[in-house]
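Going by our numbering, the sequence shown opens with residue 580, and the numbers climb by one from there.
A virtual CB, placed ideally from N, CA and C, is assigned to each residue, including glycine.
Notes follow once the structure below has been shown.
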Amino acid sequence: MPHRPGVTRETLCSTWWKSSRRPCWTLEQTFLQPAGSMMCEQESNGLTTASCEFGLDGQISLRFDTKNRHWTVLHGEGILLKQTLASDRAMIDLLVRTSAGDCRKWLQQVLCPLSTQAAPTTATATVPSKATTNTPITSVLPVILTCAIIVGILGWAFK
580 MPHRPGVTRE TLCSTWWKSS RRPCWTLEQT FLQPAGSMMC EQESNGLTTA
630 SCEFGLDGQI SLRFDTKNRH WTVLHGEGIL LKQTLASDRA MIDLLVRTSA
680 GDCRKWLQQV LCPLSTQAAP TTATATVPSK ATTNTPITSV LPVILTCAII
730 VGILGWAFK
C-alpha cells in the first residue's frame with residue numbers, strides 16, 4: 580500500500596474495516612532475547628563437569644549436560660530448541676570441547692586465589708569441596724548465532 584501524506588496506519592485500518600467489515604491486521608514482528616550460560620563444577624576428586632543452559636526472554640528452557648550429552652527440556656519452547664541443537668553434531672562437539680577446556684581454566688582462576696588466602700582460625704566442618712562458577716558463554720559466537728536462528732524459527736512457528 581503506497582504511503583500517502585497525512586494518512587496513518589490507524590486511519591487506513593479504520594477505513595478498510597468500515598468498507599469491507601473485516602478487521603485490518605498489521606504485521607508486527609516480536610523478537611525474543613536468546614541467552615546461554617555454562618555452569619562449571621569441580622568435584623572433590625578434581626574432575627571438572629559442565630552443563631549449558633539456553634533460554635529465551637530470561638526463562639531457561641533447555642539444559643545440556645556435557646558429561647553424558649543429555650538434553651533436558653525445562654519449558655515448552657525448549658522442545659524445538661532441543662530438536663535443532665541436538666541434531667547439530669558440530670554444535671554438540673563444540674559445547675563439550677569448550678566446557679572441557681574453558682571450565683578447567685575458569686575454575687583455576689577462581690580457585691587459585693582462594694587457596695592462597697590464609698587459613699581460618701576456627702575449625703570448619705569437613706565437607707567434600709564442590710567449587711562452581713557460572714560464566715556467560717557470549718564469547719562462543721556459534722552458540723549465539725544458532726540461538727538467533729532458532730529464535731527466528733520459533734517466532735515463525737508460533738505465529
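Quiz item: Can you tell me the Cα-Cα spacing of residue 611 and residue 640, whole angstroms?
Solution: Whole-angstrom Cα-Cα distance: 13 Å.
Quiz item: Do residue 626 and residue 656 have their C-beta atoms within less than 8 Å of each other?
Solution: Cβ atoms of residue 626 and residue 656: not closer than 8 Å.
Exercise. Could you round the C-beta distance between residue 678 and residue 617 to whole angstroms and report it? I think they count as a contact, below 8 Å.
Key: Confirmed, about 6 Å.
Practice problem: Compare the beta carbon distance of residue 632 and residue 648 with 8 Å and say whether it is the shorter of the two. | Solution: Taking a C-beta distance under 8 Å as the contact criterion, residue 632 and residue 648 do not qualify as a contact pair.
Exercise. Quick one: grab the DSSP three-state call for residue 678.
Key: It is helical.
Quiz prompt | Three-way DSSP call (helix, strand, coil) for residue 634 in this model | solution = If DSSP states are grouped into helix, strand and coil, residue 634 belongs with the strands.
Self-check item: Spatial distance of residue 688 from residue 645 (CA atoms)
Solution: CA-to-CA, the gap between residue 688 and residue 645 works out to about 21 Å.
Self-check item: CB-CB length for residue 686 against residue 621, believed under 8 Å
Solution: Right, the Cβ-Cβ distance comes to about 5 Å (below 8 Å), so this counts as a contact.
Self-check item: Bridge-paired residues (DSSP) for residue 558
Solution: Because the chain here runs from 580 to 738, residue 558 falls outside it and cannot be looked at.
Exercise. Output the distance between the C-alpha atoms of residue 638 and residue 660, rounded to the nearest integer angstrom.
Key: The straight-line gap from Cα to Cα measures roughly 13 Å.
Quiz item: Roughly how many angstroms lie between the CA atoms of residue 652 and residue 658, to the nearest whole one?
Solution: Rounded to whole angstroms, residue 652 and residue 658 show a C-alpha spacing of 6 Å.
Quiz item: Can you tell me the Cα-Cα spacing of residue 615 and residue 676, whole angstroms?
Solution: Straight-line Cα distance between these residues: approximately 16 Å.
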